[in-house]
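*Asks:* Dropping the structure in here first, questions after.
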Amino acid sequence: MTSTQFILSRSPVMGIWLSEEVDVARRSASTRVLEYLDAAEVVGLGTGSTIGVFLKTAYDKLARKTLVASSIDTVLTARSLGLKLVEPLAVDSLDLYVDSADEVDPLGRMVKGGGGAMTMEKVLASAAKLRVFIVDELKLVPRIPHRSPVPVEVVPQAISIVRKKIESAGFMCRLRVPGGKRTPVITDIGGAIVDVEPPKQWEPEDIAKFLESVPGVIEHGIFVNYVDILVIGRLSGRVEVVSYRR
Ligand code: 5RP
Numbered sequence: 150m151t152s153t154q155f156i157l158s159r160s161p162v163m164g165i166w167l168s169e170e171v172d173v174a175r176r177s178a179s180t181r182v183l184e185y186l187d188a189a190e191v192v193g194l195g196t197g198s199t200i201g202v203f204l205k206t207a208y209d210k211l212a213r214k215t216l217v218a219s220s221i222d223t224v225l226t227a228r229s230l231g232l233k234l235v236e237p238l239a240v241d242s243l244d245l246y247v248d249s250a251d252e253v254d255p256l257g258r259m260v261k262g263g264g265g266a267m268t269m270e271k272v273l274a275s276a277a278k279l280r281v282f283i284v285d286e287l288k289l290v291p292r293i294p295h296r297s298p299v300p301v302e303v304v305p306q307a308i309s310i311v312r313k314k315i316e317s318a319g320f321m322c323r324l325r326v327p328g329g330k331r332t333p334v335i336t337d338i339g340g341a342i343v344d345v346e347p348p349k350q351w352e353p354e355d356i357a358k359f360l361e362s363v364p365g366v367i368e369h370g371i372f373v374n375y376v377d378i379l380v381i382g383r384l385s386g387r388v389e390v391v392s393y394r395r
């Protein structure tokens, strides 16, 4: 793919994106992912609204697979559709992992964790033979992190110390709290989330390396080298598939 193909096309309606168009983009992209399910037995599922669309689109095929979810949210959505799952503990490798992202750049580098599930998402993706990510075109950015903060999952007792270390390196930090509260959001695995904004000049790889060096950080939302196939749903309904397989 050329870099021009990756550029976000302009909205026909004064920059206002209609949720219906986003839904069309996600449904068309999810339909394209069906072909990757045929060869897979154990399938990992990411978290978020795009994955919700994928679960509905792929229901018939998913119902015949061994499914493992990255979050309680995805377990509940899948169960509400009648899909059965196994615990992550019950598998040690996956044939296929399907997820979305908050942002993706032309090198396939992603920011994830808007839904706070990035630790198990990264764990499942790391154990999969093939990783397919579905994004609508609004998530394409020239370089990550662009608009989205980078979520960092932190041991709750370490929030103050971790925050000070990260802020000392020039990052802006915001503890994720439920609306109007001071108590942090606690993730499925018992972590707190600090959303960080790194200094503009930092490369994603350097951000990742730095965050991994801070004791008390469980995981972060920079995903480098995690995508094998990126399926992009355009708002027009057109789908593009980009391979990053080496
Ligand atoms: C959750 C994630 C999601 O993939 C990301 O937030 C995108 O979600 P959505 O499909 O709702 O836009 O990383 O931890």
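According to the numbering used here, the sequence shown is numbered sequentially starting from 150. Where a beta carbon is used, it is the ideal one built from N, C-alpha and C, also for glycine. A quick note: this is a predicted structure, and the numbers were derived from the prediction, not measured.
Using the Cβ count rule (16 or more neighbours within 10 Å means buried), how would you classify S168?
*Replies:* Locating residue 168 in the sequence shown gives position 19, where the first residue counts as 1. S168 comes out exposed.
*Asks:* I need the DSSP call for R296, collapsed to helix, strand or coil.
*Replies:* As a working mapping, residue 296 is identified with position 147 in the sequence shown. Coil.
*Asks:* Mind reading off the beta-carbon distance from K271 to E352? Whole number of angstroms is fine, and I expect it under 8 Å.
*Replies:* Along the sequence shown, read from residue 1 onward, the residue named residue 271 stands at position 122. Along the sequence shown, read from residue 1 onward, the residue named residue 352 stands at position 203. With 8 Å as the limit, K271 and E352 do not qualify as a contact, their Cβ atoms being about 19 Å apart.
*Asks:* Give the single residue among P333, P348, A341 and H295 whose Cα lies nearest to the Cα of F320.
*Replies:* As a first step, residue 320 is located in the sequence shown; it is residue number 171 there, counting from the start. It is P348.
*Asks:* I think V284 touches V253, with their Cβ atoms under 8 Å apart; what is that distance to the nearest whole Å?
*Replies:* Taking the sequence shown and counting its residues from 1, the one referred to as residue 284 is at position 135. Taking the sequence shown and counting its residues from 1, the one referred to as residue 253 is at position 104. Yes, V284 and V253 are in contact; Cβ-Cβ is about 6 Å, under 8 Å.
*Asks:* Under a three-way DSSP split, which group does S385 fall into?
*Replies:* As a first step, residue 385 is located in the sequence shown; it is residue number 236 there, counting from the start. Note: S385 maps to coil in three-state DSSP.
*Asks:* Of the choices A178, L273 and V366, whose alpha-carbon is the least far from that of P305?
*Replies:* As a first step, residue 305 must be located in the sequence shown, where it is residue number 156. Checking every option, the nearest Cα to that of P305 belongs to V366.
*Asks:* Give the list of continuous alpha helix (DSSP H) stretches no shorter than 4 residues that lie fully inside the segment 298-356.
*Replies:* 308-317
*Asks:* Have a look at T226 and M269 and give me their C-alpha separation to the nearest angstrom.
*Replies:* Residue 226 sits at position 77 when you count from the first residue of the sequence shown. Residue 269 sits at position 120 when you count from the first residue of the sequence shown. About 17 Å.
*Asks:* Quick check: is any heavy atom of the ligand 5RP less than 7 Å from the C-beta of G264?
*Replies:* Reading the sequence shown from its first residue, position 115 is the one you call residue 264. Residue side-chain check: G264 places its Cβ nearer than 7 Å to a non-hydrogen atom of the ligand 5RP.
*Asks:* Is T332 near the ligand 5RP - that is, is its Cβ less than 7 Å away from at least one heavy atom of it?
*Replies:* Numbered from 1 along the sequence shown, position 183 holds the residue referred to as residue 332. Checking the Cβ of T332 against the ligand 5RP gives no.
*Asks:* Check D248 in the structure and name its three-state DSSP category.
*Replies:* Along the sequence shown, read from residue 1 onward, the residue named residue 248 stands at position 99. Three-state result, D248: strand.
*Asks:* Give me the Cα-Cα distance between L287 and D251, rounded to the nearest whole angstrom.
*Replies:* Translated into positions along the sequence shown, residue 287 becomes position 138. Translated into positions along the sequence shown, residue 251 becomes position 102. If I take the Cα positions, the gap works out to 9 Å.
*Asks:* Compute every distance between the C-beta of I200 and the non-hydrogen atoms of the ligand 5RP, then say whether any falls below 7 Å.
*Replies:* Locating residue 200 in the sequence shown gives position 51, where the first residue counts as 1. True, at least one ligand heavy atom lies under 7 Å from that Cβ.
*Asks:* What are the complete beta strand (DSSP E) segments, minimum 3 residues, inside the segment 208-233?
*Replies:* Every beta strand (DSSP E) of 3 residues or more that sits fully in the segment 208-233 is shown, in chain order, as 215-218.
*Asks:* On a CA-only basis, which of L279, V326 and F282 is nearest P300? Give me that one, please.
*Replies:* Along the sequence shown, one-based indexing puts residue 300 at 151. Nearest of L279, V326 and F282 to P300, Cα basis: V326.
*Asks:* Assign Y375 to one of two classes, buried (16 or more other C-beta atoms within 10 Å of its C-beta) or exposed (fewer than that).
*Replies:* For the purposes of this step, residue 375 is identified with residue 226 of the sequence shown, where counting begins at 1. Y375 comes out buried.
*Asks:* Measuring only the C-alpha atoms, how far is T215 from T196?
*Replies:* Looking up residue 215 in the sequence shown gives position 66. Looking up residue 196 in the sequence shown gives position 47. The alpha-carbon atoms of T215 and T196 are separated by roughly 17 Å.
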